[in-house]
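Everything below concerns the one structure shown next.
Numbering (the working numbering), first residue to last: 332 to 515.
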C-alpha cells in the first residue's frame, strides 16, 4: 500500500498514566464493564452467540410461516425465491421438512370463465375489418384482440362470410412444396 505524505498518525496529547486515562474516560460518561471473578470474556461471547442463534431461529420460523402462506396462495418456486430471499434448493428442503407441496404458480389472469353471453350479431363492418386485418397478415388471436372479440367470434365471421383467415403470420418461412410421392 502507498502511504500519503502529510498525514500524521501520532497525536499531540502528552502520554497519560493508565489511572488518569480511566478517570478521564469515566468523567466523559464512559462505562467500564467489569468481568466478575471466575468468568472470562469468552462467556460473554457465548451469551451473544446464543442470542444470535435465537434470532436465527426466529427468522427461520418467520420464513416458514411466510412459506406456508405463499404456498397456500399458489406461489411457484420463482416467486418464493423472490419473497423469501432463498435459493431453490433451500426452499424445496424447507418445504419438505414442513410437509408442504409446492405446485406450479397459477396464472395471474385467473381461470378461464365460461362463456356467459350470446354470440353478438355479426356486423358487416366488423367482418370487413376482420378480413382486412387478415389480408395484412394478422393472425386470428391478433384480430380478436384488435376488434375486442373472442377467437371463436372471429372464426365464426370467417365461416359466415366464407373467408379463410391466416393461422400463422406472413413473416414466417414460406411454405415448402410437398415432395412427389409415387403411387403404389
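The C-beta atom is built at its ideal place from N, Cα and C for all residues, glycine as well.
Computed from a prediction, not measured in an experiment: that's the story for all the values here.
For residue i, the first and last residue of its enclosing alpha helix (DSSP H)
i	result
residue 487	482-491
residue 413	408-415
residue 478	471-478
Proximal residues to residue i (C-beta, below 7 Å), its chain only, five neighbours per side dropped
i	result
residue 461	474, 478, 485 and 488
For residue j and residue i, believed in contact at Cβ under 8 Å, the rounded distance
i	j	result
residue 453	residue 491	6 Å
residue 410	residue 398	With a Cβ gap of about 11 Å, residue 410 and residue 398 do not count as contacting.
residue 419	residue 408	6 Å
Residue i in three-state terms, based on DSSP
i	result
residue 430	coil
residue 455	helix
residue 460	helix
residue 468	coil
Close beta carbons around residue i, own chain, < 6 Å, minus the five adjacent residues each side
i	result
residue 361	none
residue 415	394
residue 391	none
residue 533	Here the chain comprises residues numbered 332 to 515, so residue 533 is not present and cannot be evaluated.
Contact test: residue i Cβ vs the ligand GTP heavy atom, cutoff 7 Å
i	result
residue 420	The ligand GTP is not among the ligands present in this structure, which contains no ligands whatsoever.
- Item | Every unbroken alpha helix (DSSP H) within the stretch 348-393, with a cutoff of 4 residues, ordered by chain | Those alpha helix (DSSP H) runs which fall completely within the stretch 348-393 and span 4+ residues are 349-358.
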